[in-house]
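Numbering (mature numbering (1 follows the signal peptide of the UniProt record, and there is no 0)), first residue to last: -25 to -1, 1 to 212.
Following: one structure in structure tokens, then a few remarks.
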């Protein structure tokens, strides 16, 4: 009887150990803590700020004129630019000098542009403050445009806060946005490019960097924070 009991105990122990090994095999321990894209975007030693912090910094200040770049700042507009390149100059950037491209881009192709979430939050905050909102873009001007209406609809901007889009264009060796920021008395300007930040600084405005999405067709990606400017966290989308 004692021998039978010992044999049964041995089988029971073996079954328990085997079950434990199987459980460990199906639930391996993590090799490292892991990460996510939001954490990755905050690794560089730059002056990171959130939309809430920007709003807090404006408390007590009267309504003002604020400006936004468009492409890669408030809209992920690469689909339209990709289509333009494939249509007019697949092997170069010459399409950017073609009036036919800008006619398309400024009159409907932004229907394929994706509004950025950071822009929704920023614009809503400035609308709540009663600020006057300007959009200053490096796009070439066309006789007609639907960009203003697209932006107003996408971001729910009331007529009292909205101004028509300013098409500053692109001229070699000249920052075409500077004069517009000055003439419109813009106090805060948001942009993804180095030129946006430089234009703001040239007129004494507060330039705040929005991250350009890594899959944007506009390459190379700028070095956000290189001028010591504020950079909005998680603003790549």
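For each residue, glycine too, the CB sits at the ideal point set by N, CA and C.
Would you mind stating whether residue i and residue j have Cβ atoms separated by less than 9 Å?
i, j, result
"residue 130", "residue 99", "yes"
"residue 123", "residue 102", "no"
"residue 79", "residue 55", "yes"
"residue 30", "residue 95", "no"
"residue 119", "residue 81", "yes"
"residue 144", "residue 116", "yes"
"residue 209", "residue 93", "yes"
"residue 24", "residue 164", "no"
"residue 181", "residue 200", "no"
"residue 71", "residue 207", "no"
Go to residue i, then tell me how far its beta strand (DSSP E) extends in each direction, as first and last residue.
i, result
"residue 124", "Not the beta strand (DSSP E): residue 124 falls in the alpha helix (DSSP H), residues 122 to 129."
"residue 160", "No beta strand (DSSP E) contains residue 160, which DSSP labels as neither H nor E."
"residue 77", "Run containing residue 77: none in the beta strand (DSSP E); it sits in the alpha helix (DSSP H), 74 to 81."
"residue 205", "205 to 207"
"residue 24", "22 to 24"
Cα separation between residue i and residue j?
i, j, result
"residue 46", "residue 28", "24 Å"
"residue 161", "residue 194", "27 Å"
"residue 67", "residue 53", "16 Å"
"residue 171", "residue 7", "39 Å"
"residue 35", "residue 64", "50 Å"
"residue 212", "residue 192", "14 Å"
"residue 148", "residue 114", "16 Å"
"residue 127", "residue 5", "47 Å"
"residue 173", "residue 44", "13 Å"
"residue 190", "residue 50", "13 Å"
"residue 140", "residue 9", "43 Å"
Starting from the C-beta of residue i, find all residues in its chain whose C-beta is less than 7 Å away, skip the five residues before and the five after it, and write them out in chain order.
i, result
"residue 197", "167, 168, 169, 187"
"residue 203", "22"
"residue 178", "153, 156, 157"
Apart from the five residues just before and just after residue i, which ones in its own chain have a Cβ nearer than 8 Å to its Cβ?
i, result
"residue 121", "81, 82, 83, 85"
"residue 125", "85, 86, 88"
Go through its chain and collect everything with a Cβ distance to residue i's Cβ below 6 Å, but skip five positions before and after it.
i, result
"residue -25", "Here residue -25 scores only 42 on pLDDT, less than 50, and its place in the model is too uncertain to base an answer on."
Ends of the alpha helix (DSSP H) at residue i?
i, result
"residue 175", "169 to 177"
task = Count the CB pairs spanning the region 68 to 86 and the region 102 to 111 that are closer than 8 Å, and state whether there are at least three.
result = Two segments are said to touch when three or more pairs of C-beta atoms, one from each, lie closer than 8 Å; by this definition the region 68 to 86 does not touch the region 102 to 111.
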